[in-house]
Structure formats: structure tokens, C-alpha cells
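Accompanying notes for the structure given below.
Numbering (the numbering used here), first residue to last: 33 to 410.
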């Protein structure tokens, strides 16, 4: 059979599928097929035609797959004509291919097995259609939303954009939970408020590309990737947080209410595989809320790294598998310490490697970045 195939005699349209057996209990599929071939070496046969049959059985998975891609669109990703690099362009190529590869296994558009969310991030995350889940801070105002029984005039603060930063707890510390924005909480006066996500008044820029919650709409995902433009600093903790939200069932109602899809499934490793991909080209250097107990003198870089690692730990606790990609982390403009810190946070965030599966990647070029995404998406 091999000899006939290599000789160009065996053609795919001559293969006949006799039987296909799906065992939903054992989760196997068995295919029985045959082909009538004219032998390349007929001297070894009693005739010049022979029927060749084959049967094979393979395991299959009926798990749903949810993937959240947190992608760095900061200023350092901009084209650099001196270095002859275009990192934002490289990311657009690699991420677009990853989306197409992930969605190609969806055979029923009305019941997709794989859905993808994209979270472009810089100093903040542009929440797009989820802007109603954001609490707009003012310089001297409260760090949590007004009580649910507050007058409308108190509850509404207009925002200059649709961006969000970290969610803060009632004492102003970073909140690492996956809770949805409708979650009721008590403020320091015992009043109930809803756990919206903060927009810190200090942010200076908002990414133009908006996040896209889980969807199987390839065009929608590719369109937001096309909208990537490089600007701003790197709030890695905020990126991790919003990736977590896009996979959290606690956000399902808010996403559905915004008309942005069905939202994430429940955390159930038997039925759903949840995957997060965190990519950056540099060190996390921006944060607006510290972890409870952190030194008051702690700088933004350490805070951003701590926040990212805390969110990643919670994601892994909930069964989310995390892949991380460091792009051009050997950039000579960073010191050795800065490079080590950038790599360390990505290694700590990622799921532990196994003998057959790698979770932390470094890519020096656009080609290597694409290869990293290829290895992750299979």
C-alpha cells in the first residue's frame, strides 16, 4: 500500500469508508475503510488489483474549549525602524493565525466547541460593550461604587473612555477574585454595592482595540486584532484580571446582558477546558492598586508583578491552564535585572510544564512568536 501511495497511484477519492462507529461511553471513534488498488508490483500478486482494508480506532474529546488571549499592545510594541522590527505587526500575524487554527475544528456554527476571547491591554483594558460594568473613580471620591439604593445622580459619573483598571475592594486594595459585576458586597458603612471594576482616575491612555468576550465569530476576533495599535505602558496584572473575567462563569450574566454572547461555562474540568494565554514584550510596570498588606512604599513594577501572579494563582486554582509568551525579552534597552523580572513573572504565572507539554515560551522574532502560538494552539 505504501509503495502504491508513493508512486501516485492511490488517490484519496478511491478510498471507501465502510463503517464509522462512535462509542460515546468509551469516547472512541472507529473507522473501517477499504480501497481497490492496482498494484505497483503485480508480480507479487495473483492479479493486478487487490482490495486493501484498514480499521483504526482513536479517542476523541467532546469537551468545550474556552481560550482567553491577553495580548500586549503597549508602546514598546510599535514599529522600530532603527532596529528594523515591527512587533505589533508580528503579533497581529501570529494571533490571527492562532484564532483561525483554534476555530477550524468548529463544524457546527450553531454549537461551536471552541470559543476565543481577546483582551488587548496596555495601561488599561478597553471594555467596549462591557463599559456598563465599570465604576468610574474620581480623584477624591469613593473607591467602590455607590450603594444600590443611592440616588441616580450620585450613581452616575461620566467616563472619557471605556477603559478599566483593577477592581478594588472596600478598602482600596486589589481584588483578585473572578466575581461578576453584579456580585453584591458591603462597603465600610454596611451598605450594599455591586462589584463593578474600577477605572482609576490616574490612567493616561486607553487602548483603541476593545476586548472581545468568548465567541466563535472569526471575523469579529480578526477585526479587533486588525485594530491593534501600540501605545501606553504595561499593566500586566490588569491584563491577567480581565483574562480571568472572560473565563469566569460569574461574568456570564453581564456578558449576555450586553449582547456579547452566552458568556463562559461553569468551571467543570470534565466538560470544559479553560485556557489563558498571556503575552508581553517587556516588564510589567503599571498598577493602580496594591495587594492587601503590601508595603506602602512598594513601587508600581513590583505591584504589577505581584498582582499578575496573584490572579494567575487564582486562575490555576479554578482549573484554568495558563500559557505565557515573552516576546523579545532580551531587549538590550532593559537591564539584566529587568529582563530577569520580566521572565520570572511569566514563568510563575504559567502552569507547570509536563513531560509532553510546555507552558512558558520565549520568542525573539516574529517567526518564533508565531511558532509559540502554533505550539500552544496545536
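All C-beta atoms, glycine included, are put in the ideal place defined by N, C-alpha and C.
Label residue i either buried or exposed according to how many other C-beta atoms from any shown protein chain fall within 10 Å of its C-beta, with 16 as the threshold for buried.
{"i": "residue 291", "result": "exposed"}
{"i": "residue 75", "result": "Residue placement at residue 75 is poorly supported in this model, since its pLDDT is 49, which falls under 50; the coordinates still yield a value, given next. Flag for residue 75 reads exposed."}
{"i": "residue 368", "result": "exposed"}
{"i": "residue 49", "result": "exposed"}
{"i": "residue 247", "result": "buried"}
{"i": "residue 224", "result": "exposed"}
{"i": "residue 401", "result": "buried"}
{"i": "residue 362", "result": "exposed"}
{"i": "residue 235", "result": "buried"}
{"i": "residue 94", "result": "exposed"}
{"i": "residue 315", "result": "buried"}
{"i": "residue 365", "result": "exposed"}
{"i": "residue 158", "result": "buried"}
{"i": "residue 173", "result": "exposed"}
{"i": "residue 183", "result": "exposed"}
{"i": "residue 222", "result": "exposed"}
{"i": "residue 135", "result": "buried"}
{"i": "residue 327", "result": "exposed"}
{"i": "residue 165", "result": "buried"}
{"i": "residue 216", "result": "exposed"}
{"i": "residue 141", "result": "exposed"}
{"i": "residue 169", "result": "buried"}
Considering only DSSP beta bridges, list what residue i is partnered with.
{"i": "residue 356", "result": "310 and 392"}
{"i": "residue 167", "result": "230"}
{"i": "residue 87", "result": "64"}
{"i": "residue 17", "result": "Residue 17 lies beyond the range of the chain shown here (33 to 410); nothing can be said about it."}
{"i": "residue 97", "result": "146 and 305"}
{"i": "residue 200", "result": "206"}
{"i": "residue 117", "result": "112"}
{"i": "residue 51", "result": "64"}
{"i": "residue 158", "result": "195"}
{"i": "residue 411", "result": "What the structure shows of the chain is the stretch from 33 to 410, and residue 411 is not part of that stretch, so it cannot be assessed."}
Looking at residue j and residue i, is the spacing between their C-beta atoms short of 7 Å?
{"i": "residue 280", "j": "residue 192", "result": "no"}
{"i": "residue 146", "j": "residue 137", "result": "yes"}
{"i": "residue 239", "j": "residue 154", "result": "yes"}
{"i": "residue 160", "j": "residue 243", "result": "yes"}
{"i": "residue 253", "j": "residue 69", "result": "no"}
{"i": "residue 320", "j": "residue 203", "result": "no"}
{"i": "residue 269", "j": "residue 301", "result": "no"}
{"i": "residue 163", "j": "residue 200", "result": "no"}
{"i": "residue 67", "j": "residue 97", "result": "no"}
{"i": "residue 405", "j": "residue 324", "result": "no"}
{"i": "residue 257", "j": "residue 128", "result": "yes"}
{"i": "residue 241", "j": "residue 197", "result": "no"}
{"i": "residue 122", "j": "residue 293", "result": "no"}
{"i": "residue 278", "j": "residue 396", "result": "no"}
Output needed for residue i: all residues of its chain with C-beta closer than 6 Å, excluding positions within five of it in sequence on either side, in chain order.
{"i": "residue 343", "result": "208, 272, 273 and 276"}
{"i": "residue 167", "result": "177, 228 and 230"}
{"i": "residue 384", "result": "none"}
{"i": "residue 133", "result": "409"}
{"i": "residue 85", "result": "66"}
{"i": "residue 126", "result": "401, 402 and 405"}
{"i": "residue 339", "result": "206, 269 and 319"}
{"i": "residue 349", "result": "none"}
{"i": "residue 306", "result": "98, 279 and 352"}
Can you find the residues in the same chain that come closer than 8 Å, C-beta to C-beta, to residue i, ignoring five residues on each side of it along the sequence?
{"i": "residue 120", "result": "105, 109, 110, 111, 260, 261 and 262"}
{"i": "residue 298", "result": "281 and 304"}
{"i": "residue 379", "result": "356 and 392"}
{"i": "residue 87", "result": "62, 63, 64 and 65"}
{"i": "residue 295", "result": "245, 246, 281, 283, 284, 285, 286, 287 and 288"}
{"i": "residue 313", "result": "104, 106, 108, 109, 119, 358, 359, 360, 361 and 363"}
{"i": "residue 34", "result": "Only weak support exists for where residue 34 lies, its pLDDT of 47 falling under 50; the coordinates are left without a value."}
{"i": "residue 341", "result": "377, 380 and 381"}
{"i": "residue 407", "result": "390 and 393"}
Which same chain residues, not among the five before or five after residue i, have their C-beta less than 7 Å away from its C-beta?
{"i": "residue 214", "result": "226, 285 and 286"}
{"i": "residue 317", "result": "265, 266, 332, 333 and 336"}
{"i": "residue 180", "result": "224, 225 and 226"}
{"i": "residue 371", "result": "361 and 362"}
{"i": "residue 382", "result": "354, 355, 356, 391 and 392"}
{"i": "residue 347", "result": "276, 308 and 354"}
{"i": "residue 220", "result": "202"}
{"i": "residue 322", "result": "205, 206, 330 and 335"}
{"i": "residue 51", "result": "64"}
{"i": "residue 373", "result": "315 and 337"}
{"i": "residue 375", "result": "358 and 361"}
Pick out the complete alpha helix (DSSP H) segments inside the region 213 to 276, 4 residues or longer, and give them in chain order.
-> Counting only runs of 4 or more, we get 250 to 258.
Run through the region 327 to 381 for me and flag every whole beta strand (DSSP E) of 3 or more residues, listed as ranges in chain order.
-> 353 to 359
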